[in-house]
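A.B. asks:
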Ligand SMILES: Nc1ncnc2c1ncn2[C@@H]1O[C@H](COP(=O)(O)OP(=O)(O)OP(=O)(O)O)[C@@H](O)[C@H]1O
Ligand SMILES: [Mg+2]
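Right, here's the structure in full:
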């Protein structure tokens, strides 16, 4: 079932009298239960694309539809609420709150929505069991490793069982062993909640674990085979 539809997205940045076209008529769709990698050279617009898809930024033209809801035309407040309730977000630098412990970070979307304690505990138990994080819950963010931080961010992203999760280079700060653990968590979450997951990555290992690979280059997006990915060189020879 289609969970995400991007149609004819265009985006330019205007700075100091110059216009930089980043996205040029980008269209694609994604289904629930599908993990898709977006690859592309540095500066090709991957983060820009994610920002348009989750409504952090508005495209110059084109539209984004999440299941039956079109993001264009929603107010900033509506978009913020929609993101918190219907989407999960995962970032390279984790974006966890160091003043809160692991449990509070995972529960943050529910705390912000003033959900009662019983439903918080129920949601927590489900996700923590699936991600094997019981022993981490009372730890401070400063006490845990990068891989454990990203697992905390994954738990937070999936706490509301969203149908759609965006991850911008989620393994960019991690070594291979933590990358493998994080990708195992992503796969686990995809299978458990049947979510659509879009992962921006430079890592061909990460892309090899995804169901599909999209390449963003020169403002356009194209579907590529896993064999193509094996030949991509980080930051260099993009075909
Ligand atoms: N707010 C902005 N204002 C002006 N230019 C911007 C802005 N954000 C991004 N850009 C430019 O748009 C282009 C695409 O940037 P973007 O961050 O989307 O690329 P990226 O593919 O995510 O790169 P990386 O792989 O390095 O993270 C770059 O040339 C960048 O300098
Ligand atoms: Mg980026």
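In the working numbering, the protein residues as written are 148 to 386.
The C-beta atom is built at its ideal place from N, Cα and C for all residues, glycine as well.
Taking 7 Å as the threshold (C-beta atoms), are residue 239 and residue 316 in contact?
C.D. replies: Along the chain shown, read from residue 1 onward, the residue named residue 316 stands at position 169. Along the chain shown, read from residue 1 onward, the residue named residue 239 stands at position 92. With contacts defined as CB atoms closer than 7 Å, residue 316 and residue 239 qualify as a contacting pair.
A.B. asks: Taking C-alpha atoms, which residue in 318, 309, 346, 314 lies nearest to residue 339?
C.D. replies: Here residue 339 corresponds to residue number 192 of the chain shown, with the count starting at 1. Cα-wise, what sits closest to residue 339 is 309.
A.B. asks: DSSP state of residue 212, grouped into three classes?
C.D. replies: Here residue 212 corresponds to residue number 65 of the chain shown, with the count starting at 1. Residue state, collapsed to three classes: strand.
A.B. asks: Tell me whether residue 158, by its Cβ, gets closer than 6 Å to a heavy atom of ligand 2.
C.D. replies: Locating residue 158 in the chain shown gives position 11, counting from the first residue. Result no, Cβ not under 6 Å from ligand 2.
A.B. asks: Quick check: is any heavy atom of ligand 1 less than 6 Å from the C-beta of residue 325?
C.D. replies: Start at 1 with the first residue of the chain shown, and residue 325 comes out as number 178. Incorrect: residue 325 has no Cβ contact closer than 6 Å to ligand 1.
A.B. asks: Could you pull the DSSP bridge partners for residue 176 from this structure?
C.D. replies: Along the chain shown, read from residue 1 onward, the residue named residue 176 stands at position 29. Bridge partners of residue 176: 152.
A.B. asks: Could you work out which residue in 370, 202, 366 is closest to residue 189 when comparing CA atoms only?
C.D. replies: Looking up residue 189 in the chain shown gives position 42. Looking at 370, 202, 366, the one whose alpha-carbon comes closest to that of residue 189 is 366.
A.B. asks: DSSP puts residue 305 in a beta bridge; with which residues?
C.D. replies: Start at 1 with the first residue of the chain shown, and residue 305 comes out as number 158. Its beta-bridge partners do not exist; DSSP assigns none.
A.B. asks: Can you find at least 3 beta carbon pairs, one from the stretch 292-307 and one from the stretch 240-259, that sit closer than 8 Å?
C.D. replies: yes
A.B. asks: Tell me the DSSP bridge mates of residue 314?
C.D. replies: The residue you call residue 314 lines up with position 167 of the chain shown. Partner(s): 237, 346.
A.B. asks: Got a sec: does ligand 1 put a non-hydrogen atom nearer than 6 Å to the Cβ of residue 123?
C.D. replies: Past the edges of the chain, shown from 148 to 386, lies residue 123, and the structure says nothing about it.
A.B. asks: Could you tell me the distance, in whole angstroms, from the CA atom of residue 175 to the CA atom of residue 213?
C.D. replies: Translated into the one-based positions of the chain shown, residue 175 becomes position 28. Translated into the one-based positions of the chain shown, residue 213 becomes position 66. Roughly 12 Å between the two C-alpha positions.
A.B. asks: Can you tell me which of the three DSSP states residue 166 falls into?
C.D. replies: Here residue 166 refers to the residue found at position 19 when the chain shown is read from its first residue. Here residue 166 sits in strand by DSSP.
A.B. asks: Would DSSP call residue 253 helix, strand or coil?
C.D. replies: Against the chain shown, residue 253 aligns to sequence position 106. If DSSP states are grouped into helix, strand and coil, residue 253 belongs with the helices.
A.B. asks: Between which two residues does the beta strand (DSSP E) harbouring residue 261 extend?
C.D. replies: Within the chain shown, residue 261 is the residue found at index 114, counting from 1. Neither: residue 261 is in no beta strand (DSSP E) and is coded neither H nor E.
A.B. asks: How should residue 297 be labelled, buried or exposed, when 16 other C-beta atoms within 10 angstroms of its C-beta is the threshold for buried?
C.D. replies: Here residue 297 corresponds to residue number 150 of the chain shown, with the count starting at 1. So residue 297 ends up on the buried side.
A.B. asks: Following the continuous beta strand (DSSP E) through residue 371, name the residue where it begins and the one where it ends.
C.D. replies: Counted from its first residue, the chain shown places residue 371 at position 224. Segment 367-371, the beta strand (DSSP E) holding residue 371.
A.B. asks: Rounding to the nearest angstrom, what Cα-Cα distance links residue 303 and residue 272 in this structure?
C.D. replies: Counting from 1 along the chain shown, the entry for residue 303 is found at position 156. Counting from 1 along the chain shown, the entry for residue 272 is found at position 125. Looking at the two C-alpha atoms, the distance is approximately 12 Å.
A.B. asks: Is residue 292 helix, strand or coil by DSSP?
C.D. replies: For this step, residue 292 is matched to residue 145 along the chain shown. It is coil, neither helix nor strand.
A.B. asks: Report the rounded CA-to-CA distance for residue 169 versus residue 274, giving the unit in angstroms.
C.D. replies: Position 22 of the chain shown, counting from 1, holds the residue named residue 169. Position 127 of the chain shown, counting from 1, holds the residue named residue 274. Between residue 169 and residue 274, the C-alpha separation is close to 37 Å.
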